[in-house]
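Just so we're aligned, residue 1 is where the sequence shown starts under the numbering used here, counting upward by one. One structure below.
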Amino acid sequence: MIALVPKTQVAPITEKVMKKIVAEISAKDKKMAKVIASHPLCTIGRNPNPVPHFESLVESVISQQLAVKAAETIFLRVKKSAGGRVIPTRIASLTEAQMREAGVSGAKIKAIQGLASAAINKEISFNALHEIDSDEEIFTQLTNLWGIGPWTVDM
């Protein structure tokens, strides 16, 4: 039996564990063994510095209908205005003027402040989204917020 990492595991998958998984798959399936041997080790689940869900959603809202470089510039300005940390309390403390100065449009400000409010008021537990088994439930929770649509959730 292939030793898969339990879904409830939060810590990143180590390289050692990934090598064990790959070895077990290769032993069971010779065709897959050839594919595995010709490709680098998978990095899924092994990001040592994952972006928190809240920060990722703020970045997705900012990037809507913008060129990648423009979105990155605006996001970094917002992050700087928030003292280097994109967390709900710091985002909620930013004024509309600060957000506009960073380059965020009015509609995006409303959506981002809605995300911060939902986190602060515990309407959505952004840090636990990865623990929800149903993509549909995550989709429903997030799209119930103003300005968060299917594209943002899918990103």
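We put the beta carbon where it would ideally sit given N, CA and C, even for glycine.
Of Lys122, Ile91, His53, the smallest CA-CA separation from Lys110 is found for Ile91. DSSP places Phe75 in the uninterrupted alpha helix (DSSP H) bounded by 68-81.
Looking only at Ile21, Lys19, Val58, the smallest Cα-Cα distance to Ile148 is reached by Val58. Counting along the chain, Lys108 sits inside the alpha helix (DSSP H) bounded by residues 106-120. Bounds of the alpha helix (DSSP H) holding Ser63 are 53-63. Contact between the segment 24-39 and the segment 50-70 is absent: fewer than 3 CB-CB pairs across the two stretches fall below 8 Å. Taking the C-beta atoms as reference points, Leu145 is found no nearer than 7 Å to His53. Note that the C-beta distance between Gly106 and Ile74 is not below 7 Å. Check the Cα spacing between Pro50 and each of Asn127, Phe139, Ile132, Pro40: the tightest is with Asn127. Spanning the alpha carbons of Arg100 and Leu94 requires a straight line of approximately 10 Å.
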